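K.L.:
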Amino acid sequence: MNVKFVDGLVEQLKGQTPLQEMDGNPIYTLMQQKELGNFKFAQIVRDMHEHRPMTEDRFGDMKQEPEKNIRVMTSVSGDNASFAVVKRQPEADGSYAMLARVNIAKGPTGKWQLDDFFTSLDPTGFEKEEAKRYVDLAAGIRKEYKGNDDKFVADFLQGLQKGEDVWGAMTTADYSGRIDKIFDGARREEQQRIDAGEKPMALRKITDDRIGGTFTGYSKAETSAENRTSVAPTLRNGR
Numbered sequence: 021m022n023v024k025f026v027d028g029l030v031e032q033l034k035g036q037t038p039l040q041e042m043d044g045n046p047i048y049t050l051m052q053q054k055e056l057g058n059f060k061f062a063q064i065v066r067d068m069h070e071h072r073p074m075t076e077d078r079f080g081d082m083k084q085e086p087e088k089n090i091r092v093m094t095s096v097s098g099d100n101a102s103f104a105v106v107k108r109q110p111e112a113d114g115s116y117a118m119l120a121r122v123n124i125a126k127g128p129t130g131k132w133q134l135d136d137f138f139t140s141l142d143p144t145g146f147e148k149e150e151a152k153r154y155v156d157l158a159a160g161i162r163k164e165y166k167g168n169d170d171k172f173v174a175d176f177l178q179g180l181q182k183g184e185d186v187w188g189a190m191t192t193a194d195y196s197g198r199i200d201k202i203f204d205g206a207r208r209e210e211q212q213r214i215d216a217g218e219k220p221m222a223l224r225k226i227t228d229d230r231i232g233g234t235f236t237g238y239s240k241a242e243t244s245a246e247n248r249t250s251v252a253p254t255l256r257n258g259r
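Counted the way our numbering counts, the sequence shown spans residues 21 to 259.
(1) For F137, does the three-state DSSP call read helix, strand or coil?
(2) Just mark T249 as buried or exposed, buried being the case when its beta carbon has 16 or more other beta carbons within 10 Å.
(3) Are the beta-carbon atoms of A151 and F176 separated by less than 7 angstroms?
(4) For L39 and K24, what's the separation of their Cα atoms in angstroms?
(5) In the DSSP output, which residue or residues are listed as bridge partners for V106?
(6) Expressed to the nearest angstrom, what Euclidean distance is found between the alpha-carbon atoms of E111 and T227?
(7) Going by C-alpha to C-alpha distance, which of R153, I214, R213 and I161 sits closest to G197?
(8) Quick check on this structure: which residue in D135, Q109, V106 and K201 has the alpha carbon closest to the alpha carbon of V173?
(9) Are N186 and V65 close, meaning C-beta to C-beta below 7 angstroms?
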């Protein structure tokens with residue numbers, strides 16, 4: 021493992037200074053550190069997202085960068101790491117409705133692989149009915165980006181880190197212009213499930229676990245007669 025790179029990045033995150041510009045995507049570089057445990061990896065990704073350095077404005081005053089509108093919460097178990105993308109502000113009951121959830125796992129060679137990529141059919145929220153329907157994009161991403169699905173995830177997370185919304189981060193990660201095809205395939209698969217009598221896919225709301233910024237994860241999506249996260253059950257503190 022490149023200890024110097026990992027430790028250097030951690031030290032930068034502890035300070036209130038902007039991260040140094042790096043060639044490529046530092047999240048993808050972290051993914052290549054095969055001896056880096058999933059808990060530490062997830063923690064660094066979360067800390068990168070929450071990083072708010074002090075920068076000088078045009079008047080010469082030092083001000084801290086504002087918080088992003090989106091949080092990235094994490095959960096790890098075994099060789100898995102899950103990233104829940106939620107709005108910054110919780111709902112009245114303290115829970116967060118998920119905008120997306122990405123589950124990745126280390127394969128036999130130590131390479132990260134995409135297991136699940138849940139989001140709504142309209143991550144922009146513009147088409148209200150489509151925004152209430154959830155799909156898993158993972159199969160399409162793996163098919164279209166053979167062997168590079170981990171790079172897609174890294175670029176998606178980096179887009180969120182830079183302040184993009186879910187749709188913006190996905191289109192940034194979509195370096196081959198295949199995201200619409202991926203959505204079309206997921207839409208067909210979900211409709212086939214429903215036509216076969218299965219319930220619509222849903223994602224549970226979550227709350228902060230015992231460690232702030234973490235949640236208890238699931239390897240698969242839940243289904244419900246209602247498919248809006250706003251009415252799905254809330255998972256609270258691992259219970």
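No residue lacks a Cβ here, since even glycine has one placed at the ideal position from N, Cα and C. As the structure is a computational prediction, the values presented were derived from the model and not from experiment.
P.N.:
According to the data block:
(1) In the structure shown, F137 adopts extended strand secondary structure according to DSSP, grouped into three states.
(2) Note on T249: pLDDT 38, under 50, position unreliable in the model; no value is reported.
(3) No, they are not a contact pair.
(4) Between L39 and K24, the C-alpha separation is close to 15 angstroms.
(5) The partner list for V106 (beta bridge, DSSP) reads R91 and M118.
(6) Approximately 10 angstroms, taken between the alpha carbons.
(7) Closest in alpha carbon position to G197, among R153, I214, R213 and I161, is I161.
(8) In terms of Cα proximity to V173, the closest of D135, Q109, V106 and K201 is D135.
(9) The sequence given here has Val at residue 186, not Asn. The Cβ-Cβ distance between V186 and V65 does not fall below 7 angstroms.
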